[in-house]
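The next block holds one structure in the form of structure tokens; read it before the comments.
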Amino acid sequence: MVDTAATFTKILSWAVQRAGIEGKYTVEIELADGRIIRRKAGLAEVEIENVGRPALVTFSDGEERPLTGVTTLEVLGLRVNLVIRKLEKVRAVGY
């Protein structure tokens, strides 16, 4: 599931352990109800639509659902087309 309001991708704790992802970082996340929580995060190789790159992912706490956040989509060169409800490729913007 993609959540365009979520900054980071969230993966399940068992998947973190299985993949051997190291929680080197801690990030603060603001929830929809305004609460601020702290979560462990680490770099993971993420692949969507046959494109794979490293992305910072957060680790779920308990039985939360996994989701794909906006920064992961940006790293992979993807965005959500809300009209047709699908992912589409985009080019990086130069500076």
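Residue numbers (the working numbering): 1 to 95.
Idealized CB from N, CA, C, for every residue including glycine.
With H, G and I counted as helix, E and B as strand and the rest as coil, what does DSSP make of residue i?
i, result
"Glu74", "helix"
"Ala44", "strand"
"Val15", "At residue 15 the sequence reads Ala, which differs from the Val that was named. Ala15: helix per DSSP, three-state reduction."
"Thr4", "coil"
"Arg50", "Sequence inspection shows Asn at residue 50; the Arg mentioned does not correspond to that position. Coil."
"Lys10", "strand"
"Ile21", "coil"
"Val80", "strand"
Given that a residue counts as buried once 16 or more other Cβ atoms are within 10 Å of its Cβ, and exposed if not, what is residue i?
i, result
"Lys86", "exposed"
"Leu82", "exposed"
Closer than 6 angstroms by C-beta to residue i: which residues in its own chain qualify, once you throw out the five before and the five after it? Chain order, please.
i, result
"Ala1", "For the record, residue 1 in the displayed sequence is Met; it is not Ala. Within the same chain, Met1 has close Cβ partners Leu67."
Expressed to the nearest angstrom, what Euclidean distance is found between the alpha-carbon atoms of residue i and residue j?
i, j, result
"Ala21", "Gly94", "In the sequence as displayed, the identity of residue 21 is Ile instead of Ala. Those two C-alpha atoms are separated by around 31 angstroms."
Using C-beta distances below 8 angstroms, list every residue in its chain close to residue i, excluding the 5 sequence neighbours before and after it, in chain order.
i, result
"Pro54", "Leu43, Ala44, Glu45, Val46, Val75"
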